[in-house]
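**Student:** If you scroll down you'll find the structure; I have some questions about it.
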Amino acid sequence: MIELPVVPATQVQRKPDWLRVRLPVGKEYAHVRSLVDTHKLHTICESGNCPNMGECWGAGTATFMILGNICTRSCSFCAVATGRPLAVDMDEPNRVANSVKLMQVKHCVITSVDRDDLKDGGSIIWAETINAIRRESPETTLETLLPDFRGQWDNLARVLEVRPEVVSHNLETVRRLTREVRIQAKYDRSLECLRRISAAGLRTKSGIMLGLGESEADVLEAMADLLDAGVHILTLGQYLQPTRNHHPVIDWIHPNQFNFYKQKGLEMGFRYVESGPLVRSSYHAEKHLFNF
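At the far end of the sequence shown sits residue 1082, using the working numbering, and the numbering has no gaps.
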């Protein structure tokens, strides 16, 4: 068992003012909202209560989660249920592709639970989903937020072969906190995953959550490691505790500190850095399609 930090009740603080979210507005958002409600479509934007849902939908970006909603891992920061997943739905690629077409998504982000129970790690469904979206919506660009496939690199290669426009794998936290925050993951395995994505000649992206107890030196070390692994796009955002049973928020990171990390990241050589309290992995994802 990994023991989580204990934060006394007297230390629990209210969310600071800079974490306020603007209400969703605009014709694009209203259109997508109507389609999602009418056709009962599923997006991780809604199920994950993402604070940027209105802004992303308004920009024509939506995120879908494939391979079910039960994960084989039990990371201390994540609200997704852990357990024995259901059987793979082989028709899922077609259903996701139909949803993307119906919603008229301009830039589609796909993520998934970890499927360590499967020999292929879910990579076959991953590749088929990308191909299905391209058949139904050839103008839609794609970003894939991939698991590490337990270091079974043939499975990663299966997804890279269909060449999504952006390929992401999140480091999530700094080296010092990885065993505490990502219990079944490995810091260096994630770096190797990113290194292989970049070596395949693809736009490579990763993200880190802040406020888990890391120091500035920890963050700068992680940024340097990501750059060395060939990452082009970096996202940095404030961790928010899903429930009392999850890892507590240790620090509320001030916007000035996020600005510092953004400037530092650009100076280090990242092509694009999204850094702010409300930034999530797919925030401004449509802007990450820079000339490559």
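Using N, Cα and C, we set each Cβ at its ideal position, and we do this for glycine too. Just so we're clear, the structure is a prediction, and the values are computed from it rather than from any experiment.
1. Of the residues VAL1063, GLY1059, PRO1038, ASP1041, which one's Cα is nearest the Cα of ASN1049?
2. Taking only three categories from DSSP, how would you classify VAL1069?
3. Going by beta carbon distance, what residues of the same chain come within less than 7 Å of THR901, once the five residues before and after it are set aside?
4. Give the straight-line distance between the Cα atoms of GLY1027 and MET999, rounded to the nearest whole angstrom.
5. Going residue by residue through the stretch 840 to 905, where are the continuous alpha helix (DSSP H) segments of at least 4 residues, counting only ones entirely within it?
6. Helix, strand or coil for GLU951? Go by DSSP, reduced to three states.
7. Within 8 Å, do at least three Cβ pairs link the stretch 958 to 978 to the stretch 998 to 1018?
8. DSSP on VAL1039, reduced to helix/strand/coil?
9. Can you list the beta strand (DSSP E) stretches of 3 or more residues lying completely in the stretch 985 to 1016, in chain order?
10. Would you check if the distance between the CB atom of VAL964 and the CB atom of THR1025 is smaller than 8 Å?
11. Quick check on the DSSP output: the beta strand (DSSP E) that includes LEU1056 runs from which residue to which?
12. Please name the residue in ARG940, SER889, ALA917, THR930 whose C-alpha comes closest to that of ASP907.
13. With 16 as the cutoff for other CB atoms within 10 Å, does LYS1052 come out buried or exposed?
14. Does the Cβ-Cβ distance between ALA1019 and LEU967 come in under 8 Å?
15. Can you pull the DSSP bridge partners for THR934?
16. Verify whether the separation of the beta carbon atoms of LEU857 and GLY912 is less than 8 Å.
17. Identify whether GLU918 lies in helix, strand or coil by the three-state DSSP scheme.
**Tutor:** In brief:
1. Here residue 1049 corresponds to residue number 259 of the sequence shown, with the count starting at 1. If we check each option's Cα against that of ASN1049, VAL1063 comes out closest.
2. Locating residue 1069 in the sequence shown gives position 279, counting from the first residue. Here VAL1069 sits in coil by DSSP.
3. The residue given as residue 901 occupies position 111 in the sequence shown. So the qualifying residues of the chain are ILE834, THR853, MET855, LEU935.
4. Here the question's residue 1027 lines up with position 237 in the sequence shown. Here the question's residue 999 lines up with position 209 in the sequence shown. Taking the straight line from one Cα to the other gives about 5 Å.
5. 843 to 848, 882 to 893
6. For the purposes of this step, residue 951 is identified with residue 161 of the sequence shown, where counting begins at 1. In the structure shown, GLU951 sits in coil (DSSP, three-state: anything other than H, G, I, E or B).
7. yes
8. The residue labelled residue 1039 in the question sits at position 249 within the sequence shown. In the structure shown, VAL1039 sits in coil (DSSP, three-state: anything other than H, G, I, E or B).
9. 993 to 1000
10. For this step, residue 964 is matched to residue 174 along the sequence shown. For this step, residue 1025 is matched to residue 235 along the sequence shown. Result no, Cβ atoms of VAL964 and THR1025 do not sit closer than 8 Å.
11. Mapped onto the sequence shown, residue 1056 falls at position 266. Where LEU1056 is concerned, there is no enclosing beta strand (DSSP E), although the alpha helix (DSSP H) it sits in stretches over 1045 to 1058.
12. Stepping through the sequence shown from its first residue, residue 907 is reached at position 117. ASP907 has its Cα closest to that of ARG940, out of ARG940, SER889, ALA917, THR930.
13. Locating residue 1052 in the sequence shown gives position 262, counting from the first residue. Buried: at least 16 other Cβ atoms inside 10 Å.
14. As a first step, residue 1019 is located in the sequence shown; it is residue number 229 there, counting from the start. As a first step, residue 967 is located in the sequence shown; it is residue number 177 there, counting from the start. Their beta carbons are not under 8 Å apart, which means ALA1019 does not touch LEU967 by this criterion.
15. Within the sequence shown, numbered from 1, the residue matching residue 934 stands at position 144. DSSP output for THR934 lists ILE900, VAL957 as bridge partner(s).
16. Translated into positions along the sequence shown, residue 857 becomes position 67. Translated into positions along the sequence shown, residue 912 becomes position 122. In this structure, GLY912 lies closer than 8 Å to LEU857 by Cβ.
17. For this step, residue 918 is matched to residue 128 along the sequence shown. Helix at GLU918.
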